[in-house]
Every structure is written in structure tokens, then in C-alpha cells.
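Protein sequences, first through last, are from chains A and B.
Quick note on numbering: the first sequence equals residues 90 to 591 in our numbering.
Quick note on numbering: the second sequence equals residues 9 to 161 in our numbering.
The beta carbon of each residue, even a glycine, is placed where N, CA and C say it ideally should be.
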Amino acid sequence: MELWEYLRLGFAVALDPLNLFYCFLGVFIGTLIGVLPGIGPVGAMSLLLPTTFKSTPEAAIIMLAGIYYGAMYGGSTTSILVNIPGEAASVVTCLDGYQMARQGRAGPALGIAAFGSFIAGTLSIVGLMALAPPLSKIALKFGPPEYFTLMVLGLTVLIYLAHGSMIKALLMAAFGIVLGLIGLDSINARPRLTFGRLELMDGVGLVPLVMGLFGISEVLLNIEQTLRREIFETKIKGLLPTAKDWLEAKGAIARGSLLGFFLGILPGGGAVISSFLSYAVEKRLSRHPERFGKGAIEGVAGPEAANNAATGGAFIPLMTLGIPPNVVMAMLLGAFMIHGVQPGPLMMKQNPGLFWGVITSMYIGNLMLLILNLPLIGIWVQVLKVPYKILFPLILLFCLIGVYSVSNAVFDIYLMLIFGIVGYLMKKFAYEGAPLVLAFVLGPLLENNLRKSLIMSQGDFSIFLNRPLAAVSLIIALFLLISPLIPWMKRKRRIVPPEEIS
Amino acid sequence: MQNKDALSGLFWMIIGLGVCWGGLDLELGTLHDPGSGFIFFWVGIIMIGLAAAVFIKGIREKSPDTKLKAIFAQVQWKKVFFVFGALIAYALTFYHLGFVLTTIFFLLFLFKAIEPQRWSIAIGGAIVSALTAYAVFHWWLGTQLPQGILPLG
């Protein structure tokens, strides 16, 4: 089939009334959780995963993907209006977006964020369409050693880009692998670390883990202190950016789109990193870098374009290799598997409707988001005014229902509560949750491919060095791991953490 | 042991030891044919090494910001315990009282105990939220929520 035929198939799937409804639901909920602080896209996706059990895989993935890129849109609203990022990828938008709002330019800031996001989101989908098919063909030639080393590389990049200590991030990844391997051994069906509990035979659930680490722990942290939010009471007007705004922002949008897309593809990269890098690039390229932090429109347009483009890029490794490059994609991998679909090089052939349906739904979703975020901005401003003391009991309730409805077992609620405490303490002791969750999802795949590789090579580890792609992946991973010992690399790594920029 | 890294390093060393022991118990197999415990054992060893590095760094660290007291200084424990206690109580009573009643009590408690709302808001919010959630998840999405002592169908 030619590309346009695939596209036609994709649009036929995406424009199915039920799938359109799920797409709308996804982008709507995504915008909502992007606007509301305290629950990110990962939490929202795990919360809504059980609600997709009765739907088709297409509808489920279209909705969950919509939550992801919808959250990127919604996150900018709180950053601009309240100076509180709705989710991590919008942290950097606070810097200039909030300043623009203080100068009475909240409208153009919101407008350029939405338009920039739309343009970048659309460009990244075009990139996804162009790159996914050839990559899938190449991926068919990969064997267990390539998969194992690519996953090791993915985890290593995530660890390298961790905000804090690399050692702690590595420790979390190791713990994530252990948690991911609890349950029956996939090769000989022997129970492992189940402590005699029948509920653990199928392993620890992804939903209780994510809800505990990102949902419950976040609420516990937030109620420790009273959240103060100052919202602009003035009417937001003039959402359409002026010609001068466009002139200043167009380069930033183009660069942000490219940067975001390619960083999104890289394992461990993603929306957060690309938004920070885009901000740094724009500031460096600007003739007036002193304007940054004081309401420069490029400081809003670039990062917003980058974080949206990254969402499209992130689908490439998941859909072509079956390897999630970040935690959100790990959640999507879980969703694919629950619906009996194995993402990877064969997916495009075996499930073309699903593959192209999800991609084309993102076009439609981006259009819906533009409508949701510009004319309806007033609704989101009202949502922002809901006090946290009303919101947090409802977030907890959704966590409880979400976890219970996956397995209909109270055991999973207890598991979520344990992970809630673990997550709370992790944040207090400066350990990150992202490497843990990604390693948790990759753990079984990592082990499987390692054991297969060793069986193939009869116990000879040189199999990872004799195959070019495996060797290159391992060398890059090793380089990144020892990089903190190299002074100039250590300096470079320090540029990335958000706290350094903000 | 007042340093947060020293304490957490020690904790993860113990977990790492447990993982190693679990791996040994499951049998390591050989390199030709790795057993069920192979990866647990080696990941456990890596965890111990990394945790030891965190522990040593913590012991050497003298900054007051890294003390346990500093990271828990602002915590309003009463609120944290109330929320967590409510969550445990929810799990314990979920099957017996059923979804709707448990949820109403849970929300009512949180609306009143953490940052108290007016009774009308607390009671109204709890009942409306519980019934809406039941309607959406049980009736619309078909989630099997326990009915308990209040059969709603």
C-alpha cells in the first residue's frame, strides 16, 4: 500500500464517530489535567486506562495519546496565567509567559503558545509519518542483542538527563527492573519474589505503581503547604498574535519543532528536556538575550513548539521498535499490551488501521486543541480557580477508582498506597520516579532479550560487541555513564536541570 | 545518621541485599542458560554498589540542608497522616460498606479535616461526587464496584 492509501485508512479509522469522541475526550482531559496542577499526563493516563477496557484498541490509544499531547497544550495556560506549570514540560514557559501576562499581553502569549503548539504538533506528525515506515523495516532485522542494548541505552539516556544525582537515578532504574520482574518467570513460569501472594503472580501492576508514585505522593506533598495562586482577573483579550509577534516567533517555532521532534525520538529525551533546550537555544540565538525572562515571545513560542513536537517524535521508537522512550510512552506500551497489541516493527503490517488511525487522529486532535484552547480559554481560567482543597480529595478518589477498576482487587489499592509512601519519601530524599517506571516497564523485555542473547551466544558476552548497532548503543551508554567523571561533560550536564534555568 | 543520603543509602543497601538473596534462592543458572534468579542477583549487586556510593557521599556531606530535620521541617504531619489514614480506612471498609457510602465518608472527612469547608459544601460535594463517580464508572463504564449495604443496582 502507498502512503496515501495508508493515510486514507488512517483517516477512515480516526473519523469514525466513536474514535472522534474518544479523541475529543482525550484532548479535553489532557487540557484539563494540563491546566490543573498536581496530576500530570502519566497519572491521568493510568487513571483512565481502565475506562478503555471495553473500547476498541484504536479508541483506547487515540484517547490516551490525546491526553498526552493535550496536556502539553493545557500546561502552558497555567504557566502563563498563574506562573505555576500544569506539568513539567511547561516549567520554562513560566519565565516569559508569565511576564507577558503581567505586561497585559496574556492573550498573545496564550495565542502564540497554542498556535506554536499546533504548528509543531502537526510538523511532528508529518515527521512521524515519514520516519516510522522505513524505521520499522530496519527494525525487523534487529535481534535480541540489539533490543537489549537499545533498551540499556534508553535507560542510560534517561538517567543521564535526570535532574539530580545520576547514582540515585541508576539506583531507581535498578529497583524498577526488580519490581518489573516480580511475578512468574516468562521462560519457566516459576514465581519470583511473590512472597506467596497470588495477587503478585501476574506481577506488580503498572497502574498502582504509577498512581502511587505520581498521584498519591504528589497529593501528600501538596497538602504539606498551602498553595497560593494569583490569577489575573483582567479579561484576556487579543488572543491572535500580531504580525510583529509572528515575525519574532516564527524562527523559534521552526527551531523548537525540529529540536523537539528529534529529542522526542531519542530514548530518555522528551517534552521536558526539549522545552528547556529550546529556551536555551532561543536565548543564545537572540540579538537581545536580555529580553528573555522579561516577556520575550520567543521564550514562549520555542519551548511550547518543542514540547509538542516531542510528543510526536516519542511515538517513533514505541511504534517501530516497541521500546518506549519515556514514562508516558511506557504507559502507552502498557495500554497497547492490555489491548492485546504488541507495538514494534510488525505493528504497521499487522495492525495498519490502528497504526495509521492513531497517527491521523493526532492531526484531528491538534485541530480540536486549537479550538479548545483559544476560544474556550475562559473555561480553563475558571477551572484554574478551583481551590486545591476541593481538588485533592477528588484526585485521590480518581486514583482509588482507577486502581480498583483495573483488577477489581483491593490488594492493588494497598499496593498503590505503599508506592504512594515510597514516592513521597523518594521526592523528599531527592530520588526520581521516571527512571523507576521506565525500568519497570522495560525490565521484563530487558531480561528476556539478555537471556535470549546469552543462549544464542552460548554465554559469550562478546555478542553485544560483535554486532554493530549493539556495540554502538553500548559504547554510547557507557560513555554517558562515565561522563560525570569527565569535567567538560559534567559542566554540560549541569545545563539541563530545570532548577538551573529557572 | 542524620544525613538523608546516608540513611537512604543504607536503606537501599538492605533492599539490594534482599534482592541478591532472592536471586540466589531462585537459582542463578549458567551463562549458557541463565536461571530465574540470574538478573535479580546481578541487579541486586549493582544496587548494593550504588547504594554504598550514596551512603558514603551522605556520610561525607556536612551541609545542614541535607539533614533529615531540614527536609521534614515544613511538613504538617497531621495533614499527611489524616490523608493517609483516610486512604487506608477507605481500602479497609470498601467491600463492607460499598463504594458509595465509603466514598461519601472519605470525601466528607477530607473536605472537613484538612482545610475545613462549610458543612453544606462538604456534604453536598461528597454526595454528588460519590454518586456521579458511581454513575460514570459503574453504570456507564461497567466497572464492578462493590455495593455493600446500600444496593443501588
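Collapsing the DSSP output to three states places residue 556 of chain A in coil. Contact check between the stretch 284-296 of chain A and the stretch 159-166 of chain A: fewer than three CB pairs, one atom from each, fall below 8 angstroms, which does not count as touching. By the neighbour-count criterion, in which a residue is buried when 16 or more other Cβ atoms sit within 10 angstroms of its Cβ, residue 372 of chain A is buried. The Cβ atoms of residue 135 of chain A and residue 299 of chain A lie closer than 8 angstroms to each other.
Here the stretch 203-214 of chain A does not lie against the stretch 517-527 of chain A, with fewer than 3 beta-carbon pairs under 8 angstroms apart. A direct Cα-Cα distance of roughly 32 angstroms separates residue 571 of chain A from residue 221 of chain A.
Collapsing the DSSP output to three states places residue 297 of chain A in a helix. In the three-state DSSP reduction, residue 516 of chain A falls in the helix class (H, G or I). At a C-beta separation below 8 angstroms, residue 266 of chain A has these neighbours in chain B: 47, 51. Under DSSP, residue 11 of chain B forms a beta bridge with B/75. For residue 236 of chain A, no Cβ of chain B is located within less than 8 angstroms of the residue's own Cβ. Residue 333 of chain A is classed as exposed because its beta carbon has fewer than 16 other beta carbons within 10 Å across all chains shown. Under the 10 Å beta carbon count, residue 277 of chain A is surrounded by fewer than 16 other beta carbons and is classified as exposed. Note on residue 548 of chain A: under 16 other CB atoms within 10 angstroms of its CB, so exposed under the neighbour-count rule. Taking all protein chains shown into account, residue 188 of chain A has 16 or more neighbouring C-beta atoms within 10 Å of its C-beta and is therefore buried. Residue 548 of chain A reaches chain B at 38, 39, 40, counting residues in chain order whose Cβ is nearer than 7 angstroms. Comparing alpha-carbon positions, the option among A/476, A/458, A/384, A/378 lying closest to residue 115 of chain A turns out to be A/458. Counting the other CB atoms within 10 Å of its CB gives residue 511 of chain A a total of 16 or more, which places it among the buried residues.
Here the alpha carbons of residue 308 of chain A and residue 81 of chain B stand approximately 18 angstroms from one another. Residue 273 of chain A has its alpha-carbon roughly 46 angstroms from the corresponding atom of residue 462 of chain A. Annotation for residue 191 of chain A: the continuous alpha helix (DSSP H) segment containing it runs 182-191. Taken through DSSP and simplified to helix, strand or coil, residue 286 of chain A comes out as coil. Cβ proximity to chain A below 8 angstroms picks out 82, 83, 84, 87, 88, 91, 92 from the stretch 81-92 of chain B.
Residue 573 of chain A is positioned such that its CB atom lies no closer than 8 angstroms to that of residue 218 of chain A.
Membership of residue 58 of chain B in the alpha helix (DSSP H) is indicated by the continuous run 46-68.
The three-state secondary structure of residue 115 of chain A, taken from DSSP, is helix. Sequence-distant Cβ neighbours of residue 265 of chain A in its own chain, meaning closer than 6 angstroms and more than five residues away, are 525, 528, 529. When the alpha-carbon of residue 151 of chain A is set against those of A/287, A/131, A/109, the nearest one is in A/109. In the structure shown, residue 154 of chain B falls within a coil segment according to DSSP collapsed to helix, strand and coil. Nearest CB-CB separation between residue 111 of chain A and chain B: not below the 8 angstroms threshold. Per DSSP, reduced to three states, the secondary structure at residue 223 of chain A is helical. When secondary structure is reduced to three states using DSSP, residue 279 of chain A falls in the coil class, being assigned neither helix nor strand. Secondary structure at residue 260 of chain A: helix, using DSSP grouped into helix, strand and coil. Linking residue 441 of chain A to residue 158 of chain A through their CA atoms gives a straight-line distance of about 22 angstroms. At least one C-beta of chain B is nearer than 8 angstroms to the C-beta of residue 263 of chain A. For residue 184 of chain A, the closest C-alpha among the options A/146, A/364, A/289 is that of A/364.
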